[in-house]
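Enquirer: Residue numbers (the working numbering): 126 to 571. By construction, the Cβ of each residue, glycine as well, lies at the ideal position given by its N, Cα and C atoms. This is the structure I have questions about; it appears just below.
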């Protein structure tokens with residue numbers, strides 16, 4: 126614990142120079158007790174005991190009206206007290222010159238109170254006050270002190286009566302009292318912690334990645350769904366260790382501040398913060414602990430989405446549509462549904478829509494090429510038919526520029542075919558067998 130009694134200055138030095146100071150302080154204020162915020166509910170009972178919502182102006186007016194009512198009640202209460210005291214003082218003055226007779230009556234009479242009232246024309250209150258005094262105190266009564274107190278109270282009584290008769294004087298009195306409070310709690314020691322009433326400061330959106338040191342990392346996902354991040358950009362052929370029976374599925378080079386999009390066969394997209402991924406030591410962490418992914422669902426792709434890019438999303442049955450890159454993001458652990466699937470279908474492909482034509486090949490080894498403009502752009506849906514199949518489904522799909530030709534991998538080489546008139550058609554047609562030399566796997570491979 127800190128028991129220091131001297132002024133201490135705390136200096137926070139972020140590990141990264143790119144951290145925004147205002148965002149850093151906003152994060153500290155939100156997560157610590159350096160700043161406390163609370164809501165103010167203006168639903169109140171007014172002076173008539175009726176619930177209603179008041180604005181600040183109405184609330185202040187109600188408080189001032191309450192102060193006016195308090196002033197009247199306080200003045201009336203004080204007037205009652207003064208009247209009782211004046212009555213007693215007048216009784217003291219009435220018996221002052223006959224103290225010996227008063228003492229004699231008290232000592233000799235069995236019922237002194239009625240005798241005092243009869244002899245000195247006193248009221249019941251006056252007689253009671255005299256009887257309640259000790260004889261020693263009664264002997265010490267001095268006329269001058271009694272008259273001075275009587276005069277002082279009479280003047281106060283007159284002032285209060287005038288105050289109650291004049292509403293203007295009452296408001297002047299309230300203004301004076303408020304000024305006295307302002308003087309007492311203003312610039313002096315008692316006013317050092319006055320609440321500052323001002324417009325609410327703009328709420329900064331706290332981005333957790335802003336506090337992460339930016340550095341190159343390589344994210345590795347295994348076939349069995351174990352994920353980890355290695356510091357630096359690893360070479361494609363870098364040696365990596367996996368659990369027995371497991372192997373590499375996806376490897377992506379990125380930055381520690383990036384957010385990766387994970388596409389699953391269930392048609393959902395999930396967002397993974399690279400900074401939250403376990404580092405390279407060990408086997409990593411099961412991907413299903415980071416996102417809500419069922420055991421029967423697999424990972425289709427893991428990549429860094431470009432919000433300005435458009436992607437072609439396709440299902441295994443050969444349906445698809447164009448999706449804005451900004452939609453490949455979800456803050457929920459359960460992810461976000463982007464492709465609606467029918468029973469037996471899976472999300473199978475997500476490729477950048479860079480080009481003007483789409484090439485799609487089915488498991489029946491038939492190739493179809495059609496204009497990209499025939500596909501609708503959507504944020505979610507089932508999509509439209511890309512190719513027609515009697516049996517099976519789609520094997521692969523890619524977007525390319527017709528003028529540059531269609532390319533595919535053939536071993537270590539890349540083949541380009543520019544004469545494509547035979548395979549060009551309209552969306553949802555069956556297509557034709559691919560050119561000679563097309564891979565037997567039915568994949569474009571790039």
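Quick one: residues in its chain with C-beta nearer than 6 Å to the C-beta of residue 454, no 5 flanking neighbours on either side, listed in chain order?
Expert: Correct list, in chain order: 396.
Enquirer: Could you please give me the residues that DSSP links to residue 590 through a beta bridge?
Expert: A query on residue 590 cannot be resolved here, the shown segment of the chain reaching from 126 to 571 and no further.
Enquirer: Under a three-way DSSP split, which group does residue 358 fall into?
Expert: It is coil, neither helix nor strand.
Enquirer: Helix, strand or coil for residue 282? Go by DSSP, reduced to three states.
Expert: Residue 282: helix per DSSP, three-state reduction.
Enquirer: Taking only three categories from DSSP, how would you classify residue 164?
Expert: Here residue 164 sits in coil by DSSP.
Enquirer: What's the call for residue 241, buried or exposed, on a 16-neighbour Cβ count within 10 Å?
Expert: Flag for residue 241 reads buried.
Enquirer: State buried or exposed for residue 520, treating a residue as buried only when at least 16 other CB atoms are found within 10 Å of its CB.
Expert: The residue is buried, with at least 16 neighbouring Cβ atoms inside 10 Å.
Enquirer: Within 8 Å, do at least three Cβ pairs link the segment 272 to 287 to the segment 177 to 195?
Expert: Taking 8 Å as the limit for Cβ pairs, the verdict is that the segment 272 to 287 does not touch the segment 177 to 195.
Enquirer: Say whether the segment 387 to 407 touches the segment 418 to 430, bearing in mind that this needs 3 or more beta-carbon pairs closer than 8 Å, one atom from each stretch.
Expert: Touching, yes.
Enquirer: By the three-class DSSP mapping on this structure, what secondary structure does residue 135 have?
Expert: The answer is coil: DSSP assigns residue 135 none of H, G, I, E or B.
Enquirer: What is the C-beta distance between residue 477 and residue 512, in whole angstroms, given that I count them as a contact (C-beta under 8 Å)?
Expert: No, residue 477 and residue 512 are not in contact; Cβ-Cβ is about 20 Å, not under 8 Å.
Enquirer: Check whether the segment 464 to 480 touches the segment 435 to 442, counting contact only when three or more Cβ pairs, one atom from each stretch, lie closer than 8 Å.
Expert: Enough Cβ pairs lie closer than 8 Å, so yes.
Enquirer: Considering only residues of the segment 404 to 465, which uninterrupted beta strand (DSSP E) runs meet the minimum length of 3 residues and lie entirely inside it, listed in chain order?
Expert: Runs of the beta strand (DSSP E) inside the segment 404 to 465: 424 to 428, 435 to 440, 444 to 449.
Enquirer: Residue 160: which of 326, 211, 276, 355 sits nearest, CA to CA?
Expert: Comparing Cα-Cα distances from residue 160 to each of 326, 211, 276, 355, the minimum goes to 326.
Enquirer: Considering just the uninterrupted stretch of the beta strand (DSSP E) at residue 217, what are its terminal residues?
Expert: Counting along the chain, residue 217 falls outside any beta strand (DSSP E), though it belongs to the alpha helix (DSSP H) covering 181 to 220.
Enquirer: Do you know offhand how far residue 243's Cα is from residue 291's?
Expert: Going from the Cα of residue 243 to the Cα of residue 291 covers about 41 Å.
Enquirer: DSSP has residue 506 in a bridge; who is on the other side?
Expert: The partner list for residue 506 (beta bridge, DSSP) reads 464.
Enquirer: Using the C-alpha atoms, what's the distance from residue 307 back to residue 197?
Expert: The straight-line gap from Cα to Cα measures roughly 22 Å.
Enquirer: Which value, in whole angstroms, describes the spacing of the CA atoms of residue 409 and residue 182?
Expert: Whole-angstrom Cα-Cα distance: 60 Å.
Enquirer: Around the Cβ of residue 169, are there at least 16 other Cβ atoms within 10 angstroms (buried) or fewer (exposed)?
Expert: It is exposed - the Cβ of residue 169 has fewer than 16 other Cβ atoms within 10 Å.
Enquirer: Taking DSSP as the reference, what is the three-state secondary structure of residue 520?
Expert: DSSP places residue 520 in strand when its eight states are reduced to three.
Enquirer: Should residue 500 go down as buried or exposed, given a rule of 16 or more other Cβ atoms within 10 Å for buried?
Expert: Buried: at least 16 other Cβ atoms inside 10 Å.
Enquirer: Going by DSSP in three states, residue 337 sits in which element: helix, strand or coil?
Expert: Here residue 337 sits in coil by DSSP.
Enquirer: Does the distance from the CB of residue 445 to the CB of residue 488 come in under 8 Å?
Expert: Contact flag unset, no.
Enquirer: Taking residue 568 as the reference, give the member of 523, 554, 417 with the closest Cα.
Expert: Nearest C-alpha to residue 568: 523.
Enquirer: Tell me the residue span of the beta strand (DSSP E) that contains residue 495.
Expert: Its beta strand (DSSP E) spans residues 492 to 496.
Enquirer: Among 146, 552, 470, which residue has its Cα nearest to the Cα of residue 485?
Expert: It is 552 whose Cα lies nearest to the Cα of residue 485.
Enquirer: What does the alpha-carbon distance come out to for the pair residue 407 and residue 358?
Expert: Residue 407 and residue 358: Cα-Cα distance of roughly 18 Å.
Enquirer: Which one or two residues does DSSP pair with residue 487 in a beta bridge?
Expert: DSSP, once it has assigned bridges, lists 519 as partnering residue 487.
Enquirer: Terminal residues of the continuous alpha helix (DSSP H) containing residue 156?
Expert: From DSSP, the alpha helix (DSSP H) with residue 156 extends over 146 to 156.
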